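S.K.: Residue numbers (my numbering): 21 to 436. Note that CB positions come from ideal geometry on N, CA and C, so glycine has one too. This structure is a prediction, so every number in the text was calculated from the model and none was measured.
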Amino acid sequence: MSGTESSGQTRERETSNLNPLRNSLVLPCGALLKNRLAKSAMSDSLGNGAGDPTEAQVRLYERWAKGGAAISIIGEVQIDPRYPEKPGNLVLGPHTDHRAMEPLVRRAVFEDAHIWPQLGHAGALSHLPISQPKGPSALDIEGLQCAGMSTEDIQELPDMYARAAANAKDMGFTGVQVHAGHGFLLSQFLSPLFNRRKDGYGGSIEARCRIVLEIIDQIRRAVGPLFPVGIKINSTDRLEGGLTEDDALEVVRLLDRTSVDLIDISGGTYFPGAKASSDGQSDGEPYFLGFARRARGVTDVPLMLTGGFKRREQAVDAVVGGAVDMVSMARAMVLSPRLPEVWLTEEGGDPEFPVFDSPPRGGATAWYTMRLTALAEDREEAFTLDPQSALRAYEERDAQRCIKWREKFAHLAESA
21 MSGTESSGQT
31 RERETSNLNP
41 LRNSLVLPCG
51 ALLKNRLAKS
61 AMSDSLGNGA
71 GDPTEAQVRL
81 YERWAKGGAA
91 ISIIGEVQID
101 PRYPEKPGNL
111 VLGPHTDHRA
121 MEPLVRRAVF
131 EDAHIWPQLG
141 HAGALSHLPI
151 SQPKGPSALD
161 IEGLQCAGMS
171 TEDIQELPDM
181 YARAAANAKD
191 MGFTGVQVHA
201 GHGFLLSQFL
211 SPLFNRRKDG
221 YGGSIEARCR
231 IVLEIIDQIR
241 RAVGPLFPVG
251 IKINSTDRLE
261 GGLTEDDALE
271 VVRLLDRTSV
281 DLIDISGGTY
291 FPGAKASSDG
301 QSDGEPYFLG
311 FARRARGVTD
321 VPLMLTGGFK
331 RREQAVDAVV
341 GGAVDMVSMA
351 RAMVLSPRLP
361 EVWLTEEGGD
371 PEFPVFDSPP
381 RGGATAWYTM
391 RLTALAEDRE
401 EAFTLDPQSA
411 LRAYEERDAQ
421 RCIKWREKFA
431 HLAESA
């Protein structure tokens with residue numbers, strides 16, 4: 021091979037130096053991410069109510085792929101339909117309609133884009149109308165009641181996650197992300213507020229992390245060495261008595277010893293009354309960037325940061341500064357599905373975020389979720405809902421999907 025560059029290669033290298041977001045990233049398993057921008061996992065609530073994708077969901081991920089994202093991650097894909105986050109979730113398991121899943125994968129890998137399901141289990145936060153929640157420990161506190169998992173329940177988890185990951189690989193997904201953040205089951209195991217166990221799965225942070233490490237190990241055995249396996253973790257629960265940054269840093273150290281390919285750093289929880297990630301953020305810095313800088317000092321695993329990226333300058337600074345390798349966005353890409361493509365150009369341009377005046381609790385989240393539906397149906401220009409009407413439409417749709425969920429999975433719920 022010649023040691024000289026072509027003029028085209030020189031121009032490409034110079035452009036990448038000017039805009040580091042255009043640089044590719046090779047994961048430890050050898051997979052290539054074509055740039056440094058990802059569409060982070062969101063609960064898009066666009067499943068059909070029976071755990072399978074809809075045409076609208078297929079179109080949504082096609083749009084994000086064509087918008088230039090290196091990875092799009094499908095949020096809240098359930099490994100066990102007995103413990104879903106919402107009735108619009110997808111399910112990976114024996115009840116999955118493989119024919120319905122095929123176009124979702126095929127149309128989301130446009131120009132080498134990756135599509136990963138986020139493997140999850142809602143645990144104590146399972147949707148009450150279609151679940152009997154179980155978490156690491158039995159809890160009866162204001163806003164949250166759940167049964168505790170038995171040792172046998174816990175020991176079944178690694179195989180369940182591994183089977184879901186193997187199914188994802190067989191269906192053509194290009195990687196998986198394990199969800200251990202935002203207050204769902206594996207996040208509950210890591211948090212002393214939710215995990216009060218006295219056996220080998222509770223107590224020290226090493227013990228609370230044990231099930232997470234067992235799951236990663238079992239997934240790797242199931243998918244082989246060349247398939248990307250990522251994980252999302254909390255840097256903090258933002259709850260008194262919950263996971264602290266020091267404990268989260270120890271989780272990163274433990275993950276550094278595994279075969280995981282990408283650690284996605286986020287924070288916060290959907291526990292009732294928990295602080296929003298934006299609370300107390302007056303400096304305009306992306307959420308949890310300070311923790312990412314600390315994490316960078318204890319691991320060589322590629323890091324991704326999710327939360328609070330609103331301007332291209334923030335993304336560039338995070339990558340150039342070495343804190344993270346990837347920048348992941350959610351709401352910004354609901355506002356602008358072609359945002360990666362825009363940020364990879366010389367001109368750039370940032371999305372304009374809406375400002376809501378005293379929205380009802382859950383109203384802002386519902387607004388973004390219903391705008392996702394508008395994107396999926398190619399009618400975002402006609403989207404005019406306010407947070408209150410969006411919340412009403414969202415809840416009505418969930419109620420209808422709960423009916424379908426119970427029809428398909430009720431026989432499983434009886435064995436919970």
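Would Q208 be called buried (16 or more neighbouring beta carbons within 10 Å of its own) or exposed?
M.R.: Position 188 of the sequence shown, counted from the first residue, corresponds to residue 208. Buried.
S.K.: Classify M353 as helix, strand or coil using the three-state DSSP reduction.
M.R.: Within the sequence shown, residue 353 is the residue found at index 333, counting from 1. In this structure, M353 counts as helix in the three-state DSSP scheme.
S.K.: Candidates K54, R119, I99, L47: which alpha carbon is nearest V78's?
M.R.: For the purposes of this step, residue 78 is taken as residue 58 along the sequence shown, with counting starting at 1. Nearest of K54, R119, I99, L47 to V78, Cα basis: R119.
S.K.: If distances are taken between C-alpha atoms only, which option among N68, K54, I150, A410 comes closest to G108?
M.R.: For the purposes of this step, residue 108 is taken as the residue at position 88 of the sequence shown. When only C-alpha atoms are compared, the closest one is N68.
S.K.: Can you tell me whether N43 is helix, strand or coil according to DSSP?
M.R.: Position 23 of the sequence shown, counting from 1, holds the residue named residue 43. Three-state result, N43: coil.
S.K.: To the nearest whole angstrom, what separates the beta carbons of A312 and A335, a pair I think is in contact under 8 Å?
M.R.: Position 292 of the sequence shown holds residue 312. Position 315 of the sequence shown holds residue 335. With 8 Å as the limit, A312 and A335 do not qualify as a contact, their Cβ atoms being about 13 Å apart.
S.K.: Of all the beta strand (DSSP E) runs that stay within the bounds of the stretch 355-431, which reach a length of 3 or more residues?
M.R.: As far as the stretch 355-431 is concerned, it has no whole beta strand (DSSP E) run of at least 3 residues.
S.K.: Mapping the DSSP letters down to three states, classify D179 as helix, strand or coil.
M.R.: Along the sequence shown, one-based indexing puts residue 179 at 159. Correct three-state label for D179: helix.
S.K.: Quick check on this structure: which residue in P407, I93, S146 has the alpha carbon closest to the alpha carbon of G195?
M.R.: By 1-based counting over the sequence shown, the position of residue 195 is 175. G195 has its Cα closest to that of I93, out of P407, I93, S146.
S.K.: Helix, strand or coil for K189? Go by DSSP, reduced to three states.
M.R.: As a working note, residue 189 is residue 169 in the sequence shown. If DSSP states are grouped into helix, strand and coil, K189 belongs with the helices.
S.K.: Do you know how far the Cα of G304 is from the Cα of L325?
M.R.: Taking the first residue of the sequence shown as 1, we reach residue 325 at position 305. Taking the first residue of the sequence shown as 1, we reach residue 304 at position 284. Cα to Cα, the separation comes out at about 15 Å.
S.K.: Taking only three categories from DSSP, how would you classify Q98?
M.R.: For the purposes of this step, residue 98 is taken as residue 78 along the sequence shown, with counting starting at 1. Correct three-state label for Q98: strand.
S.K.: Compute the distance between the beta-carbons of L233 and T289, then report whether it is under 9 Å.
M.R.: The sequence position of residue 233 within the sequence shown is 213, counting from 1. The sequence position of residue 289 within the sequence shown is 269, counting from 1. No, they are not a contact pair.
S.K.: From A188 to T319, what distance separates their C-alpha atoms?
M.R.: Start at 1 with the first residue of the sequence shown, and residue 188 comes out as number 168. Start at 1 with the first residue of the sequence shown, and residue 319 comes out as number 299. Going from the Cα of A188 to the Cα of T319 covers about 27 Å.
S.K.: Starting from L57, trace the beta strand (DSSP E) both ways and give me its first and last residue.
M.R.: For the purposes of this step, residue 57 is identified with residue 37 of the sequence shown, where counting begins at 1. Run containing L57: 57-62, per the beta strand (DSSP E) assignment.
S.K.: How about the stretch 122-138 and the stretch 99-107: do they share at least three Cβ pairs that are nearer than 8 Å?
M.R.: No contact exists between the stretch 122-138 and the stretch 99-107.
S.K.: If you reduce the DSSP assignment to three classes, tell me which class P149 lands in.
M.R.: Taking the first residue of the sequence shown as 1, we reach residue 149 at position 129. Helix, per DSSP.
S.K.: Hey, P357 and G327: beta-carbon distance below 9 Å or not?
M.R.: Counted from its first residue, the sequence shown places residue 357 at position 337. Counted from its first residue, the sequence shown places residue 327 at position 307. In this structure, G327 does not lie closer than 9 Å to P357 by Cβ.
S.K.: Looking at the ligand NAP, does it come within less than 8 Å of D267, judged from the CB to the closest heavy atom?
M.R.: This structure lacks the ligand NAP; in fact it carries no ligand of any kind.
S.K.: Which value, in whole angstroms, describes the spacing of the CA atoms of M191 and I91?
M.R.: Numbered from 1 along the sequence shown, position 171 holds the residue referred to as residue 191. Numbered from 1 along the sequence shown, position 71 holds the residue referred to as residue 91. If I take the Cα positions, the gap works out to 17 Å.
S.K.: Nearest CA to the CA of W84: which residue from F130, I251, L164?
M.R.: Against the sequence shown, residue 84 aligns to sequence position 64. Looking at the Cα atoms, F130 is the closest of the given residues.
S.K.: State the DSSP-derived secondary structure class of V347, mapped to helix, strand or coil.
M.R.: Translated into the one-based positions of the sequence shown, residue 347 becomes position 327. Strand at V347.
S.K.: Once DSSP output is grouped into helix, strand and coil, what is the label at M169?
M.R.: What you label residue 169 is simply residue 149 of the sequence shown in a count that begins at 1. It is coil, neither helix nor strand.
S.K.: With H, G and I counted as helix, E and B as strand and the rest as coil, what does DSSP make of A6?
M.R.: With the chain covering 21 to 436 only, the question about residue 6 has no answer from this structure.
S.K.: Could you compute how far the alpha carbon of S151 sits from the alpha carbon of A51?
M.R.: Taking the sequence shown and counting its residues from 1, one reaches residue 151 at position 131. Taking the sequence shown and counting its residues from 1, one reaches residue 51 at position 31. C-alpha separation (whole angstroms): 37 Å.
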